[in-house]
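J.: Have a look at this one.
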Amino acid sequence: MPSARSVDDERLTVRIRSFHALSGRSYGSPRIWRDLVEAGEHVGENRIARLMRRAGIEALRRRKRRPVDEGVRPECAIASNVLERDFEASAPNQKWVADFTYIDTAEGWLYLAVVLDLFSRRVVGWSMKPEMTAQLVMDALTMALWRRGRPKELLHHSDQGSQYAAEDFQRLLAHNGIACSMSRKGDCWDNAAMESFFASLKKERVYIKPRYATRDLAREDMFDYIEGFYNPQRRHSTLGQLSPVQFEQRFSTQCT
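In terms of the numbering used here, the sequence shown has 93 at position 6, counting the first letter as 1, and numbering is strictly consecutive.
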């Protein structure tokens with residue numbers, strides 16, 4: 088007859104598989120353990136790690152190829168690095184960081200532009216197109232402005248890519264009273280928070296799946312990751328293991 092401990096291990100393993108599936112098979116033992124504790128389980132993190140190893144449950148990883156950016160970069164930076172790697176904010180809509188990445192599909196590349204609020208690490212704007220154009224990043228910023236209004240004293244930080252240096256994009260910033268900050272040339276660490284988001288998206292969603300058959304399938308999956316998982320559910324160690332939405336909700340409650 089199995090012991091009470093082994094029976095409980097089997098029960099926990101079932102719950103682990105459930106939470107692992109809900110994360111898109113992207114969570115390792117620390118975040119699975121947090122989910123279980125929040126769900127009412129009184130269990131140690133080491134035990135969860137052991138059960139996951141025994142069951143072969145792990146965060147999946149896979150590598151992909153890269154496109155070539157043929158955009159013409161400006162000879163001189165359009166703006167200085169005002170952000171200076173200060174990735175903290177005391178309230179929403181003080182500092183937004185932006186960048187875009189690529190998703191490989193059988194139909195060709197799909198480019199995803201994102202605007203991230205540094206206060207909560209929430210994706211406040213995004214856009215997807217088959218070309219890496221100024222319109223791609225303009226649409227992401229336009230969505231962010233539509234969702235968050237026109238914040239006063241807002242700083243927008245990006246790299247020096249031709250899309251962000253484009254006259255139309257710079258005009259959009261100026262029209263909305265947004266200060267512009269740009270990373271030093273070739274220094275990805277100046278936009279580390281944005282790099283971190285894209286690394287999570289690739290590891291937790293893109294790289295664990297077969298190559299997308301179409302751009303539409305990739306669009307659907309990116310929407311699901313951002314709006315269905317990352318913003319409302321994904322835990323962040325920098326946010327006290329809250330999701331971006333939960334962190335903003337707690338801030339809003341404290342301010343009322």
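Every residue gets a Cβ at the ideal spot worked out from N, C-alpha and C, and that includes glycine.
Could you give the first and the last residue of the continuous beta strand (DSSP E) run that contains Leu183?
T.: Note that residue 183 is Trp in the sequence shown here, rather than Leu. Element bounds for Trp183: Lys182 to Thr192.
J.: Assuming His262 contacts Ala185 under a Cβ cut-off of 8 Å, what Cβ separation, rounded to an integer in Å, is found between them?
T.: Contact flag wrong, Cβ pair sits at about 16 Å.
J.: The alpha helix (DSSP H) spanning Ala279 covers which residue range?
T.: Counting along the chain, Ala279 sits inside the alpha helix (DSSP H) bounded by residues Ala279 to Leu288.
J.: Which residues mark the beginning and the end of the beta strand (DSSP E) in which Ala266 is found?
T.: Ala266 to Met269
J.: In the DSSP assignment, what are the bridge partners of Lys215?
T.: It is Met, not Lys, that sits at residue 215 in the sequence shown. Partner(s): Leu199.
J.: Less than 9 Å separating the beta-carbons of Leu197 and Tyr299?
T.: yes
J.: Less than 9 Å separating the beta-carbons of Ala227 and Ala200?
T.: yes
J.: Hey, could you find the ends of the alpha helix (DSSP H) Leu223 is sitting in?
T.: Ala221 to Arg235 is the span of the alpha helix (DSSP H), which, as asked, contains Leu223.
J.: Under a three-way DSSP split, which group does Ser245 fall into?
T.: strand
J.: Secondary structure at Arg209, three-state DSSP: helix, strand or coil?
T.: strand
J.: Would Ala146 and Gly115 be called neighbours here (beta carbons separated by less than 9 Å)?
T.: For Ala146 and Gly115, yes; Cβs fall inside 9 Å.
J.: Tell me where the alpha helix (DSSP H) around Arg104 begins and ends.
T.: Ala91 to Leu109
J.: Using the three-state DSSP reduction, which class does Asp122 fall into: helix, strand or coil?
T.: helix
J.: Please tell me whether Ser287 and Asn168 are closer than 9 Å, where the distance is taken between their beta carbons.
T.: no
J.: Just list the residues that DSSP pairs Tyr299 with in beta bridges.
T.: Thr192
J.: Near Asp96, what residues of its chain come up, given a Cβ to Cβ distance below 7 Å and the 5 sequence neighbours on each side ignored?
T.: Leu138
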